[in-house]
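In full-length UniProt numbering, the protein residues as written are 1 to 275.
We put the CB at the ideal spot given by N, CA and C, even for glycine.
These figures come from a predicted structure and were not determined experimentally.
Working notes, structure below.
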């Protein structure tokens, strides 16, 4: 059962959302909203979280956020809240924030490196030599020059950026969120591999497994991908893993304008809603 959704820690370009689950447990959550250009955006959140920072927003703009809970094959909700981002020319009004204790010392970002580079993905790793961050965001521009934002929880030190184009140079910027401050960026460049041997996907949605680090004793295997709960503006995807386990998944598709899109999914999930 979903409780209430509230917005706090509002800055000119980000909003922190918090919600309650008074009863039961969810497999995962999704936050849905429209950006300043009116394009729908989706932010996947793992089922154990009760807070997430939504980055990459525009100053002095009203946003409506909808949160859904995924429970097995069911999507419950939404619960909703509105928030107006702060002005970009000055510090936002203190009344927009709840009182918060600042950590004793400001954390520091170390180095950002790229590895496990394929024709359509890059794995990023970074260090935090001092302190802790609430969350991170990876920002880059896709092959069409459109800015992209990938949120990462504060406990992670690595993330795979999916949905890239072959033989293309990308610059990745990583920011750390600490309370109301955004620190950074630290940056790195990477050139994706050649895509001459990559097969063409056979359907609108293609599910790609991501693996990094040591190979497990036996190679995992993907089963079937099915679509259900189809609405005019969303599709729920479900898939099976008959053997082994994956670190994570990505769903790739092209939107109505023909632009490639990617939705990251944690390795424990076998369902996701594409809005």
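Whether residue i touches residue j by CB criterion (8 Å)
i           : j           : result
residue 15  : residue 68  : no
residue 264 : residue 42  : no
residue 174 : residue 120 : no
residue 270 : residue 224 : no
residue 2   : residue 109 : no
residue 59  : residue 111 : no
residue 158 : residue 125 : yes
residue 189 : residue 46  : no
residue 70  : residue 20  : no
residue 65  : residue 81  : yes
residue 134 : residue 8   : no
residue 251 : residue 220 : no
residue 172 : residue 156 : no
residue 61  : residue 25  : no
residue 195 : residue 166 : yes
Among the options, the one whose alpha carbon lies nearest that of residue i
i           : options            : result
residue 17  : 84, 72, 191, 38    : 84
residue 107 : 136, 79, 272       : 136
residue 117 : 192, 47, 245, 249  : 192
residue 31  : 79, 58, 24         : 79
residue 184 : 232, 127, 148, 272 : 127
residue 228 : 272, 248, 195, 242 : 272
residue 253 : 162, 51, 146       : 162
residue 55  : 145, 182, 141, 115 : 182
residue 149 : 22, 261, 155       : 261
residue 4   : 22, 170, 115       : 22
residue 123 : 255, 256, 247, 268 : 247
residue 153 : 178, 255, 142, 74  : 178
residue 303 : 249, 234, 180      : Since the first residue shown for the chain is 1 and the last is 275, residue 303 is missing from the structure and cannot be characterised.
residue 255 : 234, 244, 268, 218 : 234
residue 86  : 218, 180, 140      : 180
residue 115 : 11, 244, 170, 243  : 170
residue 160 : 218, 139, 145      : 139
residue 74  : 245, 218, 230      : 230
residue 244 : 232, 218, 268, 195 : 218
residue 10  : 57, 38, 49         : 57
residue 151 : 44, 236, 195       : 44
residue 268 : 72, 105, 168, 142  : 72
Backbone secondary structure at residue i - three-state DSSP
i           : result
residue 143 : coil
residue 245 : coil
residue 39  : coil
residue 81  : strand
residue 276 : Lying outside 1 to 275, the shown extent of the chain, residue 276 is not represented and no answer is given.
residue 7   : strand
residue 15  : strand
residue 46  : strand
residue 254 : strand
residue 74  : strand
residue 93  : With a pLDDT of 47 at residue 93, under the threshold of 50, the predicted position of this residue should be treated as unreliable, and no value is reported.
Bounding residues of the beta strand (DSSP E) (the contiguous stretch that carries residue i)
i           : result
residue 229 : 225-231
residue 85  : Element bounds for residue 85: n/a, residue is neither H nor E.
residue 69  : 62-71
residue 34  : 28-34
residue 237 : 234-239
residue 53  : 51-54
residue 21  : Per DSSP, residue 21 belongs to no beta strand (DSSP E) and is neither H nor E.
What runs of the alpha helix (DSSP H), each 4 residues or longer, lie entirely inside the UniProt domain "Fibronectin type-III" (103-199)? Runs found: none.
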